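Let me begin by presenting the structure, written as C-alpha cells, before commenting on it.
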Amino acid sequence: MEVVGWILVIACFIVSFVGLVYPIIPGVLFILGGYIVYGLFFSFAELSWWFWAIEILFVVLLFGADTVANAFGIKKFGGSNAGMWGSTIGLLIGPFVIPVAGILVGPFLGAVIAELIVERRTLKEAVKSGIGSLVGFLTSTIAKAVIQIVMIVVFFIAI
Numbered sequence: 094m095e096v097v098g099w100i101l102v103i104a105c106f107i108v109s110f111v112g113l114v115y116p117i118i119p120g121v122l123f124i125l126g127g128y129i130v131y132g133l134f135f136s137f138a139e140l141s142w143w144f145w146a147i148e149i150l151f152v153v154l155l156f157g158a159d160t161v162a163n164a165f166g167i168k169k170f171g172g173s174n175a176g177m178w179g180s181t182i183g184l185l186i187g188p189f190v191i192p193v194a195g196i197l198v199g200p201f202l203g204a205v206i207a208e209l210i211v212e213r214r215t216l217k218e219a220v221k222s223g224i225g226s227l228v229g230f231l232t233s234t235i236a237k238a239v240i241q242i243v244m245i246v247v248f249f250i251a252i
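End of the sequence shown = 252 in this note's numbering, gap-free, step of one.
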C-alpha cells in the first residue's frame, strides 16, 4: 500500500505541472490533493500547522502571480480589459483547438481579437496587446512553476 500511496502523491504533483500547459487543470489543487493523499495513506501528523500555513500562503501567491503577471503584461503593452479577457478565453480554448502551440497562440489571438472587436484598436495596437499577453502568460507560467516546485520541496522537508 505504501508504494500505491507514493505513486498517487507523485502523480498528483506531476498533474499539477501539466496544469501549467493546460490551464483548465487546476494545478494547485492537485498539489494540495497530493498532500491529502499522503495524509490518508501515511499520516497527517507529519504535516504540522506551520506546513499548512506556509502552503496556504503559497496558494495565495500562486493565484496572485497568475493574475498580476497577465494583467501587467497586457497593460504594459497598451492593452485593455477586453484584451485581458480575450487573452484568458484564448488561454482556455487555445490548447484544445491547437494542441501544444495553442498555449501560446490562444492568448495572443484572444487578446488581438478582443482589442480589434471590442476596443476597435488598430491592428498594430492589437498585436502589441497580444504580445503583452504572451509576455504576461510566460512570466506567470515561470512564476507558478517556481512556486509549485517550492511548495513540493517544503512538503518533502516537512515529511
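Idealized CB from N, CA, C, for every residue including glycine. Keep in mind that this is a model prediction, so the values were computed, not measured.
By alpha-carbon positions, which one of 110, 251, 252, 176 ends up nearest to residue 229?
Distance check between residue 229 and each of 110, 251, 252, 176 places 176 closest, using alpha-carbon atoms only.
Find the nearest neighbour of residue 216 within the set 224, 178, 190, 205, judged by alpha-carbon distance.
Ranking the options by Cα distance to residue 216, first place goes to 205.
Using 10 angstroms around the beta-carbon of residue 221, count the other beta-carbons present and answer buried if the total reaches 16, otherwise exposed.
Under this definition residue 221 is a buried residue.
Cβ-based neighbour list, residue 187, same chain, cut-off 7 Å, excluding 5 preceding and 5 following:
The answer, listed in chain order, is 195, 196, 198, 199, 200.
I need the DSSP call for residue 165, collapsed to helix, strand or coil.
In the structure shown, residue 165 sits in a helix (DSSP, three-state: H, G or I).
In three-state DSSP terms, what is residue 132?
Reduced to three states, the DSSP call for residue 132 is helix.
Taking the alpha helix (DSSP H) that residue 185 falls in, what are its first and last residues?
Taken as a continuous stretch (DSSP letters only), the alpha helix (DSSP H) holding residue 185 covers 174-190.
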